[in-house]
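Protein chains: 2
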Amino acid sequence: MSPARSSPERVPARDGQMGSAEPADAHADDGTPQALHVVDPDSSQGAILDAAAECFRDYGFAAASIDDVARALNATKGRIYHHFRSKTDLFFAVYRRGMALNFAAVEPYSAGPSAGEKPLDRLTRMAIAHAIVLMAQMPYQRVLAQGVHMHQTGATTAAQRETLADLIQLRGRYEKMFRDAIADLVAAHALDVDDVPLATRSFLAVLNGSVYWYAPQQDDVAREQIELAIKQVTFALQGLGVNPPHKIFDAWSSDQTSPNTSD
Amino acid sequence: MSPARSSPERVPARDGQMGSAEPADAHADDGTPQALHVVDPDSSQGAILDAAAECFRDYGFAAASIDDVARALNATKGRIYHHFRSKTDLFFAVYRRGMALNFAAVEPYSAGPSAGEKPLDRLTRMAIAHAIVLMAQMPYQRVLAQGVHMHQTGATTAAQRETLADLIQLRGRYEKMFRDAIADLVAAHALDVDDVPLATRSFLAVLNGSVYWYAPQQDDVAREQIELAIKQVTFALQGLGVNPPHKIFDAWSSDQTSPNTSD
DNA sequence: TTGACAACATACTGGGTAGTATGTTCCCTC
DNA sequence: GAGGGAACATACTACCCAGTATGTTGTCAA
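For the protein sequence lines, the chains are A and B, in the order given. Residue numbering for the first sequence is 8 to 270, as defined by the numbering used here. Residue numbering for the second sequence is 8 to 270, as defined by the numbering used here.
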């Protein structure tokens, strides 16, 4: 139903590359899908992204206005439009940075140097890292959830839809890390699930849950997050049908930054 | 940050009851929090709710316009504003109906007549019913998720915020059914979790996951939904630390409408 | 048949917002 | 020290959309 909606297709002309007189060299659009830290966090653009992430989290993409973001920055629209071509582009940049934060947190444990590592330990470390970065970077994570939703609806122009597909693919790669880790467990006969994709979704659903209800309670936020993460990971691993390796939990609790990878 | 936002508080005058010259007797606002089927599904209002649920699902509350809903109905705004006072009220009605669908699906298994029933069987039936109604009534379920999110942001006027609080409380009652069922398992020493609220959230997170990815694949949709639900419930129960009762699954699979409550 | 009212459709208004066009300031370079 | 451009702020426009005011049609009762 509603095949055309209101605006059929914005900017019918000058589509495709549209690279004429860009105001700044920000948001490099070279076709490098692997590029992660696109924007320097300490730059002015980084501050814009942080403010935008909070606004998108609080009001949602559609309801948050550019003026809201500018107000959160103690600035005006001019500053934002100097760095980002449109509201959608700003959203994409926030999404990209959110995915970069996730990859930076989890990827080290996904492809660790210790090839002889137990598959269960690897999945456990990845899960804890994921659960923690979720709580530590809440605004960005909420934006990620919105981005997935936007993909199914209408994402303005064709060029932007293409960019969104890239971002969704980025998320697909991220989830694939977990799917592969779970599949490794199945291959090692350490686990018996018939539907790995579904199991992966349920696994991540447990860990992602905190995005919608977590708010810091205790003083020691870092420890609180670790404890919550351990509970969630315990639930998720049990859901898969395996007993959680408490040794990993203890190692993580004692060293909050990077748990020792000793067996 | 951003303490005031754009519109400080819509409709500063005539707040509170604002009951003057209602166009129709629709949307009875008597203070009955227990009322579930507020709107007759086969009426004109029911058709509006269905269309609104699809639009809110597709575009989100903020991005979906009243004209979009009207277009989906092959009608105009007049029809909608004749039955609902505002866009927010329409959203609330959709939310209310979504909760009614959930209660109607799960409540029969929550307070069944068989008091001697095993706690695990009860939770299992509730979980399956919840997972199935989620897939069967997708548009409404997506609206429910949005409603929870709206509660944390700004919900227009003070009177509407009050109504939203009612709806959130309705959802709280719904989740409490599951929390109580899990707490019963703990009390019966059939389960050992230290954090029941967190376990409940993880439990529901697994079941709710399908809202974001489920799309009918096979021809026999009802059977497909049952099979998916069983897989999800298996994961969720294992996450709690209990072995799923396959007897219940088999009974549900053989009789899709209402599983026999025999021992 | 004639009110009268429900159930819409049509036409219009006001406010909010994305995006643009144009200034202004500061810094850096030559 | 002059010029030039990056990094903003200011001012403005065009448009979308929630909400309203009013017109039209059908139906049902008296």
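Don't be surprised by glycine CBs; every beta carbon is placed ideally from N, CA and C. Here the structure is a predicted model, which is why all the values come from computation and not from measurement.
List the whole-angstrom C-beta distance separating residue i from residue j, where the pair is believed to meet the contact cut-off of C-beta under 8 Å.
{"i": "B:A194", "j": "B:V200", "result": "B:A194 to B:V200, Cβ: 12 Å. No contact."}
{"i": "A:L174", "j": "A:G154", "result": "6 Å"}
{"i": "B:V76", "j": "B:A59", "result": "5 Å"}
{"i": "B:L235", "j": "B:A134", "result": "At roughly 12 Å, the Cβ-Cβ gap does not stay under 8 Å, so B:L235 and B:A134 are not in contact."}
{"i": "A:L192", "j": "A:L130", "result": "6 Å"}
So, does the CB of residue i fall closer than 7 Å to a CB anywhere in chain B?
{"i": "A:A69", "result": "yes"}
{"i": "A:V228", "result": "no"}
{"i": "A:V51", "result": "Checking the sequence shown, residue 51 of chain A turns out to be Ser, not Val. Taking Cβ atoms only, chain B never reaches closer than 7 Å to A:S51, which makes this a no."}
{"i": "A:G213", "result": "Looking at the sequence shown, residue 213 of chain A is not Gly but Val. Interface residue, yes."}
{"i": "A:Q148", "result": "no"}
{"i": "A:K238", "result": "yes"}
{"i": "A:S93", "result": "no"}
{"i": "A:F256", "result": "no"}
{"i": "A:F185", "result": "no"}
{"i": "A:L56", "result": "no"}
{"i": "A:H44", "result": "Reliability of the predicted coordinates at A:H44 is poor, the pLDDT of 49 falling under 50, and the value obtained from them is presented with this limitation in mind. False, the Cβ-Cβ gap to chain B never drops below 7 Å."}
{"i": "A:L171", "result": "no"}
{"i": "A:L151", "result": "no"}
With H, G and I counted as helix, E and B as strand and the rest as coil, what does DSSP make of residue i?
{"i": "B:D37", "result": "Confidence is the limiting factor: at B:D37 the pLDDT is only 35, short of 50, which leaves the residue's position unreliable and the question unanswerable from this model."}
{"i": "A:Y221", "result": "coil"}
{"i": "B:S260", "result": "helix"}
{"i": "A:H137", "result": "helix"}
{"i": "B:S93", "result": "coil"}
{"i": "B:N250", "result": "coil"}
{"i": "A:V193", "result": "helix"}
{"i": "A:D227", "result": "coil"}
{"i": "A:A69", "result": "coil"}
{"i": "B:V101", "result": "helix"}
{"i": "B:K183", "result": "helix"}
{"i": "B:T164", "result": "coil"}
{"i": "B:A82", "result": "coil"}
{"i": "B:A118", "result": "coil"}
{"i": "A:E61", "result": "helix"}
{"i": "A:L198", "result": "coil"}
{"i": "A:D128", "result": "helix"}
{"i": "B:S50", "result": "coil"}
{"i": "A:Q144", "result": "coil"}
{"i": "B:G123", "result": "coil"}
Nearest to residue i by alpha carbon, out of the options?
{"i": "B:V240", "options": "B:A222, B:R132, B:Q167", "result": "B:R132"}
{"i": "B:S51", "options": "B:R103, B:L235, B:A82, B:E231", "result": "B:A82"}
{"i": "A:Y181", "options": "A:Y219, A:S117, A:D227, A:H253", "result": "A:S117"}
{"i": "B:R103", "options": "B:A166, B:L130, B:Y66, B:A172", "result": "B:A172"}
{"i": "A:F1", "options": "A:S72, A:P115, A:N109", "result": "No answer is possible for residue 1 of chain A: it lies beyond the span of chain A, which begins at 8 and ends at 270."}
{"i": "A:H156", "options": "A:A190, A:A69, A:P252, A:W259", "result": "A:A69"}
{"i": "B:A243", "options": "A:A212, A:V150, A:F63", "result": "A:A212"}
{"i": "B:F210", "options": "B:I55, B:W220, B:A188, B:Q225", "result": "B:A188"}
{"i": "A:A112", "options": "A:K238, A:S93, A:Q148, A:Q176", "result": "A:Q148"}
{"i": "A:Y219", "options": "A:R178, A:L151, A:R86, A:G53", "result": "A:L151"}
{"i": "B:D227", "options": "B:L198, B:T95, B:A143, B:G246", "result": "B:A143"}
{"i": "B:H137", "options": "B:F185, B:R92, B:G67", "result": "B:F185"}
{"i": "A:F91", "options": "A:M106, A:A107, A:L56", "result": "A:L56"}
{"i": "A:G67", "options": "B:K125, B:K84, B:H158, B:G248", "result": "B:H158"}
{"i": "A:R168", "options": "A:C62, A:I255, A:L127, A:D96", "result": "A:D96"}
{"i": "B:D47", "options": "B:Q245, B:P146, B:L108, B:R86", "result": "B:L108"}
{"i": "B:I139", "options": "B:I87, B:A229, B:P252", "result": "B:A229"}
{"i": "B:K183", "options": "B:V203, B:A166, B:H196", "result": "B:V203"}
Is there at least one Cβ from chain A nearer than 7 Å to residue i's Cβ?
{"i": "B:V140", "result": "no"}
{"i": "B:G179", "result": "no"}
{"i": "B:G154", "result": "no"}
{"i": "B:D202", "result": "yes"}
{"i": "B:A190", "result": "no"}
{"i": "B:Q232", "result": "no"}
{"i": "B:R86", "result": "no"}
{"i": "B:Q245", "result": "yes"}
{"i": "B:S209", "result": "yes"}
{"i": "B:G105", "result": "no"}
{"i": "B:F242", "result": "yes"}
{"i": "B:G248", "result": "yes"}
{"i": "B:G216", "result": "yes"}
{"i": "B:L205", "result": "yes"}
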